[in-house]
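**Student:**
Residue numbers (our numbering): 161 to 628.
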């Protein structure tokens, strides 16, 4: 019995700002180890009878997703791009239709890319227990055995037992504290994990029954797919006309096929800095320190230093997050208000709500070190074998200084190699390109001078990533 994992990699993760931002949300961060949350989601599938995963993300994140799949050796033209966000019911429908196109009717294991599971073996056991139920026509969701009266999660109330699962008697929205304590004392409630196991055809049948407009729009969107490198692009107009709804509201709360299989696997959706502190390994004073951090007489705090030394003296219960362009200091009991801070940044037009100082590209990354009225200074990193587009600018000139590695530079009709401590000047209006022909990353400093530095001054003539 084959399982196709469906990884939902959308979302903005604004509650983990400033580390997580719209252009680089939490599922792409290394929050709990050497791998990103997306990569950990894929790694915990080891040992299950899984085929290649389908990853669903939005257009803006496509190259980040592709690179993280490539690092795990799981990049195989298996990224479905959503032209607009339409919540989980349509996204899963796209995956179900794509899975059935292969001529099979597999089980779909629907997972969010931004969850933490500390016991992968228990996770696998619950999935295996759910497989016969899903194969027989049930839509299985996984209910997390609660460890406390959590008010940040929805709940599932179980009914009669069927095999390894229970009928879902009731879906409950996030409760207040008193109601959450009552749920815990009752013993019939589990946290709603948002993970599912179901046959692709069974999901589409129930979606057509209870949300026919979503099913029809998704079929139309998949009928107009095109392939672009490792990406599957659906028809934008058809998908844009699709209603937006979650799988719970569109299907699970109405179907008679819903079952819940319990799971005790150390699950957490990392919805805030305080929840990340709770699941992280702490020192003797209850602190979690990431990066260059010095703590003196401080307790029960989470400190992340991304660039430079961060010190805490004589303070307790704080969240301190330092990135290259922003610092957050919050009490652990007030971290839910970070989302309001991000909204204020957005309303005031600040770029920090959406993007980091570092920008990731399919060929590497750019770090804007300094900028003024008529200049910008950037640290550019190009991965081995990668190449920037053949392009020109109307409003700025560029001066490149190679710090390490070797650059192959195209400047007009000339192609030259530029080594360490060498430089090249790109005049305004010159057609140019940059490539790393070596086996190590290419690092260079780019100094731009001129009157305008917007991305719409990049005129691309040729690009291996299809951005012309």
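All residues carry an ideal CB built from backbone N, CA and C; glycine is no exception.
Just so it is clear, the structure is predicted and the values come from calculations on it, not from any experiment.
(1) How about residue 597 and residue 541: do their beta carbons lie closer than 7 Å?
(2) Give the single residue among 422, 573, 577 whose Cα lies nearest to the Cα of residue 567.
(3) Count Cβ pairs between the stretch 326 to 345 and the stretch 365 to 379 that sit closer than 8 Å; are there 3 or more?
(4) Within 10 Å of its beta-carbon, does residue 490 have 16 or more other beta-carbons around it, so buried, or fewer, so exposed?
(5) Considering Cα atoms alone, identify which of 424, 518, 457, 497 is closest to residue 432.
(6) Which two residues bound the contiguous beta strand (DSSP E) that contains residue 321?
(7) Would you report the Cα separation of residue 580 and residue 189, rounded to the nearest angstrom?
(8) Would DSSP call residue 502 helix, strand or coil?
(9) On the three-state DSSP scale, how would you describe residue 169?
(10) Taking only runs of the beta strand (DSSP E) that begin and end inside the stretch 386 to 456, which ones reach a length of at least 3 residues, in chain order?
(11) Would DSSP call residue 543 helix, strand or coil?
(12) Given a cut-off of 7 Å, decide if residue 479 and residue 249 are closer than it, judged by their beta-carbon atoms.
(13) Can you grab the Cα-Cα spacing for the pair residue 253 / residue 363, in whole Å?
(14) Roughly how many whole angstroms lie between the Cα atoms of residue 621 and residue 537?
(15) With DSSP as the reference, label residue 606 as helix, strand or coil.
(16) Can you tell which of 394, 398, 456 has the C-alpha that lies nearest to the C-alpha of residue 444?
(17) Who are the near neighbours of residue 627 in its chain, counting only those whose CB is closer than 8 Å to its CB and skipping five residues on each side?
(18) On a CA-only basis, which of 494, 466, 469 is nearest residue 477? Give me that one, please.
(19) Identify every residue that forms a DSSP beta bridge with residue 526.
(20) Residue 383 lies in the beta strand (DSSP E); which residues open and close that run?
(21) What did DSSP end up calling residue 190 once you bin it into helix, strand or coil?
(22) Please determine, among 213, 501, 618, the residue with the shortest C-alpha to C-alpha distance to residue 555.
(23) Could you tell me the distance, in whole angstroms, from the CA atom of residue 292 to the CA atom of residue 360?
(24) Quick one: Cα of residue 216 to Cα of residue 474, how far?
(25) Cα separation between residue 233 and residue 534?
(26) With distance defined between alpha-carbon atoms, name the residue in 236, 193, 357, 247 nearest to residue 169.
(27) What does a CB cutoff of less than 6 Å around residue 303 pick up in its chain, not counting 5 residues either side in sequence?
(28) Just mark residue 354 as buried or exposed, buried being the case when its beta carbon has 16 or more other beta carbons within 10 Å.
(29) Any contact between the stretch 511 to 528 and the stretch 223 to 230? By contact I mean 3 or more CB pairs, one from each, below 8 Å.
(30) Any heavy atom of the ligand MN closer than 6 Å to the Cβ of residue 617?
(31) DSSP on residue 566, reduced to helix/strand/coil?
(32) Excluding the five sequence neighbours on either side, which residues of its own chain have a C-beta within less than 6 Å of the C-beta of residue 399, listed in chain order?
(33) Pop quiz: residue 271 and residue 164 are said to be a contact at Cβ under 8 Å. What is the actual Cβ separation, rounded to whole angstroms?
(34) Does residue 599 come out as helix, strand or coil in the three-state DSSP assignment?
(35) Please report the straight-line C-alpha distance between residue 357 and residue 462, rounded to a whole angstrom.
(36) Could you tell me which whole alpha helix (DSSP H) segments of length 4 or greater appear in the stretch 201 to 286?
**Tutor:** Inspection of the coordinates gives the following:
(1) no
(2) 577
(3) At 8 Å Cβ cutoff, the stretches do not touch.
(4) Here residue 490 is buried. Its C-beta has 16 or more other C-beta atoms within 10 Å.
(5) It is 497 whose Cα lies nearest to the Cα of residue 432.
(6) Segment 315 to 322, the beta strand (DSSP E) holding residue 321.
(7) 31 Å
(8) Residue 502 falls in the helix class under three-state DSSP.
(9) coil
(10) 386 to 388, 391 to 393, 418 to 423, 448 to 450, 453 to 456
(11) coil
(12) Contact annotation: residue 249 and residue 479 have beta-carbon atoms that are not nearer than 7 Å.
(13) 8 Å
(14) Going by the C-alpha atoms only, they are around 24 Å apart.
(15) strand
(16) Here the closest residue by C-alpha is 456.
(17) Cβ neighbours of residue 627 beyond the five flanking positions: 549, 620.
(18) 494
(19) In the DSSP output, where bridge partners are listed per residue, residue 526 has 519, 540.
(20) Looking at the DSSP string, residue 383 is not in any beta strand (DSSP E); the run it does join, the alpha helix (DSSP H), is 372 to 383.
(21) coil
(22) Answer by Cα proximity: 618.
(23) 14 Å
(24) For residue 216 and residue 474, the distance between alpha carbons rounds to 45 Å.
(25) Roughly 43 Å separates the two Cα atoms.
(26) Answer by Cα proximity: 247.
(27) Its chain contains 316, 350, 420, 422 as the residues whose beta carbon lies nearer than 6 Å to that of residue 303, once the 5 sequence neighbours on both sides are disregarded; these appear in chain order.
(28) buried
(29) As far as the Cβ criterion goes, the stretch 511 to 528 touches the stretch 223 to 230, which means the pair count is three or higher.
(30) Absent from the structure shown: the ligand MN. Ligands present: none.
(31) DSSP places residue 566 in the coil class of the three-state scheme, outside both helix and strand.
(32) 243, 381
(33) In fact, because the Cβ distance is near 11 Å, the residues do not count as touching under 8 Å.
(34) Coil at residue 599, not helix or strand.
(35) 35 Å
(36) 222 to 231, 248 to 261
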